[in-house]
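Report on the following structure.
In UniProt numbering, the protein residues as written are 1 to 298.
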């Protein structure tokens, strides 16, 4: 559908599973700055598909922290938990292409299988690739990849009422997408070549969470008319998977910009999981919003 508003569209899309920190502030501020410089629009999206970790108090704090930083965004705010039907429709399109299969292996079984295969490859985030062939789940065709040519046990899959993941058959998906998969990076003349195969058979949904980050983010960006995806370099490699899904689902291609990360004193990227100092903690000890903006962008 043609866009009626020609202005560039940017979005900041945090998850309400913890308090925002300086890394989030950098991304939000860069999005806002680029939107202002290009005469564009700034959207806020709440990525709350993980019902086990996302909490209302964290979502409320997102609005409070961003307003304290002096940011403004368009209303209404899109909350992913309210749009599961859109993700299900995209998943059904991929299923109709024969690109999705159910896998019932537990995390413990996956770890044990990887441990039994010394040197087994990992994805760009450092997690081991899914080690089982599609045929081992009872599907008709193996997925290829690092396990190609290996003898795989033919397992009888349990009932679909049991916990399972829905995975993308990466080899089949890449073949269907065809060649020339790449993306454009802001300020870079040459396109970046995408390598989705490096991620193996990524999870698109789970029994308890009927979508995934990869699937929901490309659907949301398309439905919201996002033209510029601005986020940290820690998500740059994942763009390969997103470009693959965009091509398979006939979704528009945004322009990307992956900015540098804020690191702590030990050189680690800031993270909720390691207890990085939050914006609310900075505010509580008297750091001003102007000082935080300088810290985030410095």
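Just so it is clear, CB atoms sit at the ideal spot from N, CA and C, and this is done for glycine as well.
Could you give the first and the last residue of the continuous alpha helix (DSSP H) run that contains residue i?
i, result
"residue 103", "Per DSSP, residue 103 belongs to no alpha helix (DSSP H); it is in the beta strand (DSSP E), 100 to 103."
"residue 30", "22 to 38"
"residue 90", "84 to 96"
"residue 290", "289 to 297"
"residue 242", "239 to 248"
"residue 226", "Element bounds for residue 226: n/a, residue is neither H nor E."
"residue 282", "279 to 284"
"residue 176", "170 to 177"
"residue 189", "Segment: none, residue 189 is in no alpha helix (DSSP H) and carries neither H nor E."
"residue 113", "107 to 115"
Residue range of the beta strand (DSSP E) that residue i falls in?
i, result
"residue 197", "No beta strand (DSSP E) holds residue 197; DSSP gives it neither H nor E."
"residue 218", "No beta strand (DSSP E) contains residue 218, which is instead part of the alpha helix (DSSP H) from 213 to 223."
"residue 205", "203 to 206"
"residue 11", "9 to 12"
"residue 184", "Element bounds for residue 184: n/a, residue is neither H nor E."
"residue 164", "First-last for residue 164: undefined, no H or E at that position."
"residue 255", "255 to 259"
Leaving out the 5 sequence neighbours to the left and right, which residues in its chain are closer than 6 Å to residue i when beta-carbon positions are compared?
i, result
"residue 147", "Because residue 147 carries a pLDDT of 40, less than 50, the predicted location of this residue cannot be relied on, and the following value inherits that uncertainty. Cβ neighbours of residue 147 beyond the five flanking positions: 133."
"residue 8", "38, 40, 227 and 228"
"residue 272", "18"
"residue 112", "none"
"residue 185", "192 and 256"
"residue 280", "19"
"residue 236", "258"
"residue 278", "19 and 21"
"residue 81", "48"
Apart from the five residues on each side of it in sequence, which residues of its chain come closer than 7 Å, Cβ to Cβ, to residue i?
i, result
"residue 149", "Because residue 149 sits at a pLDDT of 38, beneath the cut-off of 50, its placement in the model cannot be relied upon, and the following sentence gives the value as read from the coordinates. Excluding residues within five positions, none has a Cβ falling inside 7 Å."
"residue 247", "177 and 181"
"residue 84", "210 and 211"
"residue 173", "99, 244 and 248"
"residue 282", "292"
"residue 200", "123, 129, 130, 145 and 170"
"residue 162", "104"
"residue 254", "221, 226, 227, 228 and 229"
"residue 79", "46 and 48"
"residue 251", "218 and 222"
Do you know how far the Cα of residue j is from the Cα of residue i?
i, j, result
"residue 54", "residue 295", "27 Å"
"residue 192", "residue 77", "31 Å"
"residue 262", "residue 268", "8 Å"
"residue 225", "residue 287", "36 Å"
"residue 62", "residue 116", "43 Å"
"residue 86", "residue 242", "16 Å"
"residue 42", "residue 109", "43 Å"
"residue 60", "residue 285", "20 Å"
"residue 14", "residue 56", "13 Å"
"residue 140", "residue 101", "Only weak support exists for where residue 140 lies, its pLDDT of 41 falling under 50; the coordinates are left without a value."
"residue 34", "residue 10", "8 Å"
"residue 275", "residue 49", "22 Å"
"residue 106", "residue 260", "35 Å"
"residue 73", "residue 45", "10 Å"
"residue 289", "residue 258", "24 Å"
"residue 67", "residue 97", "44 Å"
"residue 47", "residue 58", "12 Å"
"residue 213", "residue 52", "15 Å"
"residue 239", "residue 194", "7 Å"
"residue 75", "residue 118", "51 Å"
"residue 233", "residue 4", "31 Å"
"residue 12", "residue 64", "15 Å"
"residue 151", "residue 270", "Its pLDDT being 35, under 50, residue 151 is placed unreliably by the model, and nothing is read from it."
"residue 298", "residue 16", "25 Å"
Using a Cβ cut-off of 9 Å (strictly closer), state whether residue i contacts chain D.
i, result
"residue 272", "Annotation note: the requested chain D is absent from the structure, which comprises a single protein chain."
Who are the Cβ neighbours of residue i in its own chain at under 8 Å, not counting the five residues just before and after it?
i, result
"residue 293", "25, 29, 69 and 70"
"residue 215", "87, 90, 91, 204, 205 and 245"
"residue 120", "114, 128, 129, 131 and 146"
Given 8 Å as the limit, is there contact between the region 83 to 97 and the region 15 to 32, that is, 3 or more CB pairs closer than that?
no
Contact between the region 216 to 224 and the region 186 to 201 (3+ Cβ pairs under 8 Å):
no
Should the region 163 to 177 be regarded as contacting the region 191 to 210, the criterion being three or more beta carbon pairs within less than 8 Å?
yes
At which residue ranges does the region 41 to 89 contain complete alpha helix (DSSP H) runs of 4 or more residues, listed in the order of the chain?
56 to 68
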